[in-house]
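Input: a single structure, listed below in structure tokens.
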Amino acid sequence: MEWVEASGKSLPEAKEIAVDLLGVAEDDAEFVLLSEPKAGLFGRLRGEARVKARVRPVAPPPKRGRRQRPDRGRAGGDRSGSSGSKSRSGSGSQRRGERGDQSEPRGNGSRARSQASTADVTRAEGPGDNGSAPIGSGPERTAATGSGATQAGRGRRSRGANRGAVSNGAKQERQGSGQKSGDSEDTMEESLTLEQQGEAASEFVAGLVREFGLDATVTYTEIDEDTVQVAATGDDLGFLVGPRGATLAAVQDLTRTFVQRQSENRTDRILVDVGGYREKRSAALRRFAEGIVHEVKSSGEERALEPMSPADRKVVHDAVNEIEGVETRSDGTEPSRYVVIQPST
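Counting with this note's numbering, you get residues 960 to 1304 for the letters of the sequence shown.
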């Protein structure tokens, strides 16, 4: 993700502007301080705070290696007769009924066991309707029209990432029941390419659409070198959008999590759109922002908009910044953060 620069009267204000430009929450961004305001006379500050920021790369936690079983130690004594006591063997025999001078207790023999649990996202499969295979059920992947978009969801792709088992010279095998050999350690997967991430994300969305009993075509497009967008198009998909895009935001988070599970390393930015909602929402926001700009220019007073998501605020910032004589800022705290349009100073 490319870096963006922002400036403000204070460091927090500069950070707020930066995250609005990125369209993410502050916790999802990383910052580099370029300059700070300097103290002047009477405690006044001179200059502005400048930062540069980008979307923080997301990396899932590394898998833990399997813990080795501790050796069971046993004391060096023999158990004697019915008394249950242990005595040390020596050069001479001990009398019957007597205990040795020194006896060592037997180790408790308890084992330390470690168990790691992982959340696996499984994709259920169902039969197609009217004799046709549903999305994501066939053995092939069909190309779709568009700039680099491909039809996804026709079967699971064969992933070319090599898996290496790290063990004491033993080869790790995956059993039919899903269990691993006891002496081998967890495998480490290589990071997925942007194309592989797009395929995995589109497969997940296609399976989700199918499980809801909907009919849609799922494709993915590489927007830039580190961003891929998965789009589901069809009829009656409003259920997956939800009020003001709330359900769509949840679907996008689930898709990102699924792709992150497929790779040990960080993943790129993954966007999900259903029924062209994001494009329609962006166009509507731009028209709305242009109308507010006209009012601000006429009255000379600032206008505060309703609370918006980081992505919607970014659309408003971009639209207003293209117009001379006005500027924007963000106020409030998440999830009630909003944009203020004001005359340029």
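Where is the CB? At the ideal position from N, CA and C, for every residue including glycine.
Here the structure is a predicted model, which is why all the values come from computation and not from measurement.
> Counting pairs of beta carbons, one from the region 1293-1303 and one from the region 1258-1270, are three or more of them closer than 8 Å?
Replying inline: yes
> Alpha carbon to alpha carbon, what distance is there between Asp-987 and Gly-1097?
Replying inline: Counting from one through the sequence shown, the residue named residue 1097 turns up at place 138. Counting from one through the sequence shown, the residue named residue 987 turns up at place 28. The pLDDT assigned to Gly-1097 is 36, lower than 50, so where the model puts this residue is not dependable, and the model offers no usable value.
>> What I want to know is whether the C-beta of Ala-1190 ends up closer than 8 Å to one or more non-hydrogen atoms of the ligand NAD.
In response: You won't find the ligand NAD in this model; it holds no ligand whatsoever.
>> So, under 8 Å CB-CB, Pro-1294 and Val-983 are touching, yes? Tell me the CB distance rounded to an integer number of Å.
In response: In the sequence shown, the residue the question calls residue 1294 occupies position 335. In the sequence shown, the residue the question calls residue 983 occupies position 24. Going by Cβ atoms, the distance from Pro-1294 to Val-983 rounds to 13 Å, so no, they are not a contact pair.
>> Just list the residues that DSSP pairs Ser-966 with in beta bridges.
In response: Taking the sequence shown and counting its residues from 1, the one referred to as residue 966 is at position 7. Paired residues: Arg-1009.
> What residue from Thr-1186, Asp-1277, Val-963 and Val-978 has the CA that sits closest to Asp-1227's CA?
Replying inline: Taking the first residue of the sequence shown as position 1, residue 1227 is located at position 268. Among Thr-1186, Asp-1277, Val-963 and Val-978, the Cα nearest to that of Asp-1227 is on Thr-1186.
> Where does Gly-1235 land, buried or exposed, given buried means 16+ other C-beta within 10 angstroms?
Replying inline: The residue given as residue 1235 occupies position 276 in the sequence shown. Result: exposed.
> Quick one: complete alpha helix (DSSP H) runs, 4+ long, within the region 1220-1293?
Replying inline: 1236-1258 and 1269-1280
> Taking the alpha-carbon positions, what's the Thr-1176 to Leu-1207 distance?
Replying inline: The count along the sequence shown starts at 1 and reaches residue 1176 at position 217. The count along the sequence shown starts at 1 and reaches residue 1207 at position 248. Rounded to the nearest angstrom, the two C-alpha atoms are 16 Å apart.
>> Using a 10 Å radius around the Cβ and a threshold of 16 neighbouring Cβ atoms, would you call Pro-992 buried or exposed?
In response: Residue mapping note: residue 992 aligns to position 33 of the sequence shown, counting from 1. Contrary to the premise, residue 992 reads as Leu rather than Pro in this sequence. Per the 10 Å Cβ criterion, exposed.
> How about Leu-1196 and Leu-1230: are their beta carbons less than 9 Å apart?
Replying inline: As a working mapping, residue 1196 is identified with position 237 in the sequence shown. As a working mapping, residue 1230 is identified with position 271 in the sequence shown. In this structure, Leu-1230 does not lie closer than 9 Å to Leu-1196 by Cβ.
> Taking the Cβ atom as the reference point for each residue, do Val-1218 and Leu-1244 lie within a distance shorter than 9 Å?
Replying inline: Position 259 of the sequence shown holds residue 1218. Position 285 of the sequence shown holds residue 1244. Not a contact, by the Cβ cut-off of 9 Å.
>> With H, G and I counted as helix, E and B as strand and the rest as coil, what does DSSP make of Val-983?
In response: For the purposes of this step, residue 983 is taken as residue 24 along the sequence shown, with counting starting at 1. DSSP places Val-983 in coil when its eight states are reduced to three.
>> Per DSSP, what are the beta-bridge partners of Val-1298 in this structure?
In response: Numbered from 1 along the sequence shown, position 339 holds the residue referred to as residue 1298. Answer by DSSP bridge pairing, in chain order: Ser-1289.
>> Does Asp-1183 come out as helix, strand or coil in the three-state DSSP assignment?
In response: Locating residue 1183 in the sequence shown gives position 224, counting from the first residue. Asp-1183 falls in the strand class under three-state DSSP.
> Quick one, which of Ala-1209, His-1253, Ser-1222 and Glu-1249 has its alpha-carbon nearest Asp-1232's?
Replying inline: Start at 1 with the first residue of the sequence shown, and residue 1232 comes out as number 273. Checked all of Ala-1209, His-1253, Ser-1222 and Glu-1249; the closest Cα to Asp-1232 is Ala-1209.
> Can you tell me where the beta strand (DSSP E) with Val-991 in it begins and where it stops?
Replying inline: Position 32 of the sequence shown, counted from the first residue, corresponds to residue 991. 988-994 is the span of the beta strand (DSSP E), which, as asked, contains Val-991.
>> Among Ala-1160, Ser-969, Glu-1281 and Glu-1170, whose alpha-carbon lies nearest the alpha-carbon of Arg-1215?
In response: The residue you call residue 1215 lines up with position 256 of the sequence shown. Residue Ala-1160 is the option with its Cα nearest to Arg-1215.
>> Let me check understanding here. Comparing Cα to Cα, which of Ala-1278, Gly-1166, Ile-976 and Gly-1204 lies closest to Asp-1290?
In response: The count along the sequence shown starts at 1 and reaches residue 1290 at position 331. If we check each option's Cα against that of Asp-1290, Ile-976 comes out closest.
> Under the rule that 16 or more other beta-carbon atoms within 10 Å means buried, what is Glu-1170, buried or exposed?
Replying inline: As a working note, residue 1170 is residue 211 in the sequence shown. The residue in question, Glu-1170, is exposed, as its Cβ has fewer than 16 Cβ neighbours within 10 Å.
> Which one of Lys-997, Gly-967, Val-1189 and Glu-1254 has the shortest CA to CA distance from Leu-1153?
Replying inline: Taking the sequence shown and counting its residues from 1, one reaches residue 1153 at position 194. Answer by Cα proximity: Val-1189.
> How many angstroms separate the CA atom of Leu-1213 from the CA atom of Leu-980?
Replying inline: Numbered from its first residue, the sequence shown carries residue 1213 at position 254. Numbered from its first residue, the sequence shown carries residue 980 at position 21. Approximately 24 Å between the Cα atoms of the pair.
> Do you know whose CA, among Val-978, Arg-1237, Ser-966 and Pro-1016, lies nearest Gly-1313's CA?
Replying inline: Outside the displayed span of the chain (960 to 1304) sits residue 1313, for which this structure offers no information.
> Quick one, are the C-beta atoms of Phe-990 and Lys-974 less than 9 Å apart?
Replying inline: Locating residue 990 in the sequence shown gives position 31, where the first residue counts as 1. Locating residue 974 in the sequence shown gives position 15, where the first residue counts as 1. Taking 9 Å as the Cβ cut-off, Phe-990 and Lys-974 qualify as a contacting pair.
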